[in-house]
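Note sheet for the following structure.
4 protein chains.
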Amino acid sequence: MQKKDFLKDAVKHIDIKAFDSTEIIEAMKDMSFTARDTAEAAKLLNRMISDDECTIILCIAGSTSAAGCMQIYADMVKYNIVDVVVATGAVIVDMDFFEALGFKHYKGSAFVDDKELRKLYIDRIYDTFIDEEQLQICDNTIKEIADSLARRPYSSREFIRQMGKYLTGNAKKPNSLVQVAYENDVPIFCPAFSDSSAGFGLVKHQAEDKENHVSIDSVKDFRELTEIKIKSTVSGLFIIGGGVPKNFAQDTVICAEVLGKPAEMHKYAVQITVADVRDGACSSSTLKEACSWGKVDSGCEQMVYAEATSVLPLIVSYVYHIRGWENRSKRKWNKILE
Amino acid sequence: MQKKDFLKDAVKHIDIKAFDSTEIIEAMKDMSFTARDTAEAAKLLNRMISDDECTIILCIAGSTSAAGCMQIYADMVKYNIVDVVVATGAVIVDMDFFEALGFKHYKGSAFVDDKELRKLYIDRIYDTFIDEEQLQICDNTIKEIADSLARRPYSSREFIRQMGKYLTGNAKKPNSLVQVAYENDVPIFCPAFSDSSAGFGLVKHQAEDKENHVSIDSVKDFRELTEIKIKSTVSGLFIIGGGVPKNFAQDTVICAEVLGKPAEMHKYAVQITVADVRDGACSSSTLKEACSWGKVDSGCEQMVYAEATSVLPLIVSYVYHIRGWENRSKRKWNKILE
Amino acid sequence: MQKKDFLKDAVKHIDIKAFDSTEIIEAMKDMSFTARDTAEAAKLLNRMISDDECTIILCIAGSTSAAGCMQIYADMVKYNIVDVVVATGAVIVDMDFFEALGFKHYKGSAFVDDKELRKLYIDRIYDTFIDEEQLQICDNTIKEIADSLARRPYSSREFIRQMGKYLTGNAKKPNSLVQVAYENDVPIFCPAFSDSSAGFGLVKHQAEDKENHVSIDSVKDFRELTEIKIKSTVSGLFIIGGGVPKNFAQDTVICAEVLGKPAEMHKYAVQITVADVRDGACSSSTLKEACSWGKVDSGCEQMVYAEATSVLPLIVSYVYHIRGWENRSKRKWNKILE
Amino acid sequence: MQKKDFLKDAVKHIDIKAFDSTEIIEAMKDMSFTARDTAEAAKLLNRMISDDECTIILCIAGSTSAAGCMQIYADMVKYNIVDVVVATGAVIVDMDFFEALGFKHYKGSAFVDDKELRKLYIDRIYDTFIDEEQLQICDNTIKEIADSLARRPYSSREFIRQMGKYLTGNAKKPNSLVQVAYENDVPIFCPAFSDSSAGFGLVKHQAEDKENHVSIDSVKDFRELTEIKIKSTVSGLFIIGGGVPKNFAQDTVICAEVLGKPAEMHKYAVQITVADVRDGACSSSTLKEACSWGKVDSGCEQMVYAEATSVLPLIVSYVYHIRGWENRSKRKWNKILE
């Protein structure tokens with residue numbers, strides 16, 4: 063088999079506007095187990111939208127963007143369903159920015175010989191394939207952007223805004239999350255930014271001038287997100303996966319307290335995950351546990367134990383078609399940070 | 063809180079005819095991870111329906127019937143999507159027959175004090191509640207049915223047919239799986255029948271006459287199901303959960319061989335489960351592993367790692383609306399067994 | 063590769079007497095997560111042993127016997143740590159009785175081509191291999207035993223005693239669970255007996271004389287185990303996996319009530335499993351949930367979320383070396399049932 | 063209940079030198095499932111130690127340090143079993159540095175009312191409790207350290223070395239991982255350093271002087287770890303959990319290539335995790351999948367699907383008692399970075 067035989071069926075990102083899950087979600091509301099949890103999560107996201115005071119923070123870890131959910135996240139920004147995004151570097155750079163540059167993810171299989179893929183420079187994410195040579199172009203584009211900037215420490219948010227700006231002139235695919243967020247003044251944070259394709263580009267940038275270069279200050283990210291939390295009063299988390307984005311967004315409540323500007327706990331929280339609570343890790347910790355830390359209020363929290371690609375389209379299609387977002391004012395948090 | 067405060071919101075069983083998941087499944091087909099697996103499972107079930115030769119065996123373990131999927135299973139029989147059912151005793155007796163008698167499952171919570179439930183005679187299945195006093199009426203009905211029968215060993219299938227017959231005159235809720243299967247000559251097997259509410263009724267029945275009574279011969283079940291497999295040539299499995307029903311249905315291929323009437327491996331197989339392959343149990347073993355045993359052919363098998371309430375409605379709604387079942391001939395396997 | 067290349071390294075069953083886990087368990091007692099759960103389970107099993115009134119029921123589902131734990135279970139009977147065994151047919155027949163006949167399980171791999179195994183008549187259990195031709199000899203031995211018995215319904219316990227008796231003269235490997243249990247009057251129940259290699263032998267037996275034959279009455283199993291529960295007053299469950307054995311043993315409390323002889327809930331319970339509570343199945347339901355059903359008392363129950371091969375050796379080695387079993391009287395429950 | 067009632071039984075960290083797991087590991091080698099995987103992992107770590115060329119990188123995510131494994135990690139550094147540590151900020155700051163300051167983790171329960179804990183300022187990690195007021199002292203100590211440093215961007219490694227230096231004069235508990243690593247010139251990296259208690263202290267530090275302050279440049283971390291990888295030729299990963307540390311350490315191979323200094327794939331890799339491969343996230347991706355990315359060589363990799371507290375003590379006790387580390391030269395990678 064040749065490379066092109068592996069990379070022929072592109073993943074197509076689901077369009078939650080093209081079908082209406084309202085009836086299914088309403089029916090699931092009266093079931094039990096994960097079906098009911100899914101319906102409750104949809105209703106809770108809708109409540110966040112209806113709460114005029116509420117800033118909604120979307121947290122994304124894992125590879126759902128590569129797996130067909132990329133447009134969902136962009137649509138959540140476009141239709142004013144979320145106000146802030148906290149994600150892993152892989153989600154923002156390797157997946158979203160990567161496709162904005164015109165590249166694709168491909169439908170593959172988990173039952174393959176990884177050594178054969180290695181030889182062909184094909185990277186595998188479970189049952190999905192990527193052309194590694196295209197990823198290298200992505201790395202280099204990050205380097206070019208860094209090269210074009212003033213030498214100083216940046217928050218990841220500041221850097222990602224530059225990526226959004228770059229896309230307004232250079233995108234091959236419109237409506238990427240990075241570009242849509244840029245255009246709507248929705249901040250995107252990657253607290254572990256260098257742990258991604260961006261890291262490769264930035265290391266190369268720094269290696270060329272070890273004294274004078276762009277650096278990424280994750281402390282600044284934390285300051286900025288905490289500032290948003292302080293100014294928001296009410297906030298809600300919509301968490302896909304867990305990991306650093308979940309912990310980082312939760313921690314802003316404590317950080318506000320540390321700064322002497324006590325903020326309310328996150329009032330609403332939804333998490334969709336397959337993580338196993340028994341290992342005591344942050345990804346798997348329940349939202350009730352987060353209450354003991356003073357991060358998430360109890361009462362309006364919902365765990366959905368599912369692999370997100372199977373339930374997220376239902377949840378967001380529901381919220382889209384209920385159209386509570388139509389009357390919602392735009393937060394444009396990027397503006398207050400600059 | 064009183065009993066009635068816990069038992070007030072009944073679970074409503076989802077009606078997969080009332081909404082059309084065709085568009086969602088078609089979109090999921092081009093995604094990855096569980097979304098694509100779900101779509102592939104729907105398409106594979108549809109292929110089984112289109113294969114004129116194929117007998118479709120529905121295997122059910124776990125509590126999805128209590129959790130809102132009860133009508134899905136009855137509809138699969140009614141609309142000629144499945145030809146044989148293999149299930150746990152709990153699915154058939156404690157859940158389906160129980161509701162046919164007019165009782166309900168109730169929406170509850172996993173975050174309760176089980177001691178308090180105990181005092182109120184409320185049984186809990188994760189986030190679902192049952193009135194234990196009603197379950198006792200169910201036990202007694204089984205005893206009455208046993209009391210009315212000729213004393214001899216029965217296969218569970220024979221006994222469940224008597225339950226179906228009983229319901230034709232006594233059901234408070236129409237269209238239970240037990241009754242619909244009876245009316246459509248679709249056999250239902252419970253290889254561990256006494257491991258359920260049926261067991262309580264039958265023990266009581268036997269205790270009244272320790273020498274002369276109805277007994278349940280699970281070997282006969284195995285003979286009967288193997289006979290169906292032998293006469294079917296082509297067969298497909300649609301498995302919810304795993305456990306004894308999965309193993310029992312798979313084993314008929316080997317049993318046919320033991321009887322000197324070699325049968326083909328099950329040609330198609332779908333399994334929806336959250337079980338973890340790493341423990342080496344049957345429930346969690348992959349359908350590829352079943353190939354090494356000569357039970358399931360490889361190539362047309364699909365695992366869906368999901369809690370079934372969240373994906374089963376999408377899969378069966380798709381198959382229903384594609385309407386391949388309209389031209390399918392009824393197998394009426396009960397007839398050949400009597 | 064030839065068959066002998068796959069079947070060359072036999073699984074060796076761990077001998078928990080050959081090493082002493084006391085120090086590790088004591089250290090784990092002061093840790094958290096699964097380590098502490100493991101230590102608590104060991105201590106709870108030890109408490110069951112110290113309670114003079116307590117009948118200890120070992121429930122086994124899954125394939126740990128094939129995976130190196132076979133001698134642990136036999137030793138638990140031999141050293142008077144358990145009084146009753148409830149297991150799947152596969153554990154008792156395909157694994158334990160199979161090895162007693164002189165056959166072996168082999169160390170294999172999960173990363174193989176199952177079609178190739180199929181061609182060689184090798185069956186796979188996750189990373190373990192079995193020679194299918196040897197399994198057929200096991201089937202036939204069951205048939206021979208059935209052929210030698212008076213034609214009537216048997217409980218699985220009665221039949222398994224006959225298997226134990228057979229082994230006293232014919233075993234190639236001493237100290238199998240089936241034989242040791244026979245010799246110590248410890249009853250073994252398989253509530254879904256025909257769902258195993260035994261089923262193949264028994265179907266063949268019945269097929270030769272469809273009117274007059276041995277049958278397996280699982281209702282009788284339930285009556286017998288309930289009788290033990292009623293006579294035991296205090297009881298404890300030690301559960302590996304879940305499935306039918308767990309449910310069956312738990313249900314005896316309810317069954318006693320149905321028979322008008324109310325029994326106390328199981329006072330102690332340990333369960334080792336990787337099952338996921340979120341699917342609402344019996345295997346995964348917590349022991350606290352069992353309290354709502356009036357089956358297991360709360361306060362003395364411990365879940366250990368682990369694949370059993372990794373923690374069971376530590377738990378039973380601890381209990382063995384504490385030597386509480388030395389002063390424990392033998393229950394010999396088989397005697398009261400005959 | 064008062065705060066002191068919840069915080070009375072401190073977690074005691076297991077000492078893998080105090081017991082010898084050699085016999086258990088050797089026995090598990092001949093079993094199957096997780097037991098054999100555990101034994102293979104122990105043997106593979108031992109192989110890394112025996113390979114003179116090999117730099118061993120310990121990656122830690124999750125809360126095993128809080129749960130009783132803290133001394134294991136410090137001992138791995140002290141006894142020259144690992145050469146580099148990559149961890150989450152929580153592991154290094156909230157857990158290890160926190161205890162070095164004289165504070166404790168406490169044995170708690172997962173079955174508590176989190177609102178009650180909230181009122182008492184007790185934080186919960188699954189079944190483990192922490193005094194939040196003590197965590198605040200930890201935050202402030204970080205701020206003090208930052209205040210004492212020259213204003214410029216630091217890699218997390220540089221900053222953590224300052225924490226180690228601080229402890230040489232101020233530690234209340236000796237032998238913390240941070241201090242032992244400092245004393246042995248073993249670098250510690252936290253690629254998402256601000257996502258922890260350190261973040262709180264650093265945000266406070268920066269808030270006091272928004273123009274001139276210490277910042278944490280995670281790109282520098284990546285450069286430094288890649289430099290180690292380039293100079294190591296052979297490398298092995300020993301991964302607890304997954305998350306950012308796993309991805310970050312794996313990515314150094316690619317980063318070296320990006321810098322034009324191609325490095326070999328990591329030759330050895332062990333990962334202990336409960337993560338579920340089906341969600342396509344980095345934490346759960348298999349080490350075979352990492353081969354397709356050119357990060358981990360296939361052949362010498364071992365996944366252990368277990369909650370780490372239950373198997374890690376066995377693995378490291380084995381390696382300690384085999385004593386292959388006695389003849390191993392110290393890498394002292396910190397020296398080449400300064």
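Residue numbers (my numbering), protein chains in the order written: chain Y, 63 to 400; chain H, 63 to 400; chain E, 63 to 400; chain D, 63 to 400.
Ideal Cβ placement from N, Cα and C applies to all residues, glycine included.
Everything numeric in this text was worked out from a predicted model, so none of it was measured.
8 Å Cβ cutoff met for residue i and residue j
| i | j | result |
| --- | --- | --- |
| serine 94 (chain H) | aspartate 193 (chain Y) | no |
| isoleucine 134 (chain D) | leucine 374 (chain D) | yes |
| isoleucine 302 (chain E) | isoleucine 334 (chain E) | yes |
| cysteine 116 (chain Y) | tyrosine 330 (chain Y) | yes |
| glycine 322 (chain D) | glycine 151 (chain D) | no |
| alanine 343 (chain H) | serine 125 (chain E) | yes |
| serine 471 (chain E) | aspartate 158 (chain E) | Limits of chain E in this structure are 63 at one end and 400 at the other, which puts residue 471 (chain E) out of reach. |
| aspartate 175 (chain Y) | histidine 267 (chain Y) | no |
| cysteine 362 (chain E) | leucine 120 (chain E) | no |
Minimum C-alpha distance to residue i - residue among the options
| i | options | result |
| --- | --- | --- |
| glycine 226 (chain E) | E:Ala162, E:Thr335, E:Ser360 and E:Ala80 | E:Ala162 |
| valine 358 (chain H) | E:Val146, E:Lys140 and E:Arg186 | E:Arg186 |
| serine 294 (chain Y) | Y:Ile398, Y:Ala254 and Y:Ser258 | Y:Ile398 |
| leucine 264 (chain H) | H:Ser280, H:Arg214, H:Asn237 and H:Lys205 | H:Lys205 |
| glutamate 245 (chain Y) | Y:Thr348, Y:Pro253, Y:Phe191 and Y:Arg223 | Y:Arg223 |
| leucine 211 (chain E) | E:Lys169, E:Val276 and E:Asp247 | E:Val276 |
| glutamate 273 (chain D) | D:Met327, D:Gly231 and D:Arg214 | D:Arg214 |
| histidine 75 (chain Y) | H:Ala80, H:Leu107 and H:Arg98 | H:Arg98 |
| alanine 136 (chain D) | D:Glu178, D:Asp247, D:Ser112 and D:Tyr367 | D:Asp247 |
| arginine 340 (chain Y) | D:Asp201, D:Ala172, D:Val73 and D:Gly130 | D:Ala172 |
| alanine 80 (chain E) | D:Asn389, D:Ile207 and D:Met90 | D:Met90 |
| asparagine 396 (chain Y) | Y:Val296, Y:Ser372, Y:Lys308 and Y:Phe221 | Y:Phe221 |
Close beta carbons around residue i, own chain, < 6 Å, minus the five adjacent residues each side
| i | result |
| --- | --- |
| leucine 287 (chain Y) | Phe251 and Thr314 |
| leucine 182 (chain D) | Lys65 |
| valine 306 (chain H) | Pro253 and Ala254 |
| glutamine 128 (chain D) | Per the sequence shown, the amino acid found at residue 128 (chain D) is alanine instead of glutamine. Excluding sequence neighbours, alanine 128 (chain D) sits near Met157, His167, Ile187 and Thr190. |
| leucine 179 (chain Y) | Arg186 |
Residues of its chain near residue i, where Cβ-Cβ distance is below 7 Å and the 5 sequence neighbours each way are ignored
| i | result |
| --- | --- |
| alanine 243 (chain D) | Val139, Val147, Gly226 and Ile250 |
| alanine 318 (chain Y) | Thr288, Lys291, Ile292, Pro324 and Ala325 |
Beta-carbon contacts of residue i that lie in its chain and below 8 Å, excluding the five residues immediately before and after
| i | result |
| --- | --- |
| lysine 234 (chain Y) | Ala162, Leu163 and Gly164 |
| serine 258 (chain D) | Thr150, Gly151, Ala152, Ile154, Val155, Asp156 and Cys252 |
| leucine 229 (chain E) | Phe159, Ala162, Ser238, Val240, Gln241 and Tyr244 |
Closer than 7 Å: residue i CB and nearest the ligand HEM heavy atom
| i | result |
| --- | --- |
| serine 345 (chain H) | What this structure holds is no ligand at all, so the ligand HEM is not there to describe. |
Three CB pairs or more closer than 8 Å across the segment 352-361 of chain Y and the segment 379-388 of chain Y: no
Residues from the segment 210-223 of chain D in contact with chain Y, defined by Cβ distance under 7 Å: Pro215
contact_flag[the segment 89-109 of chain Y, the segment 82-91 of chain H] where n(CB pairs < 8 Å) is 3 or more: no
Under 9 Å (Cβ pairs) to chain D, residues found in the segment 120-135 of chain Y: Ala123, Gly124, Ser125, Thr126, Ala128 and Ala129
Cβ-based contacts, 7 Å cut-off: residues of the segment 289-306 of chain Y near chain E: none
Positions along the segment 336-355 of chain E whose CB lies within less than 8 Å of some CB in chain Y: Asp338, Arg340, Asp341 and Gly342
Interface residues of the segment 96-123 of chain Y facing chain H [CB-CB below 9 Å]: Thr96, Ala97, Arg98, Asp99 and Thr100
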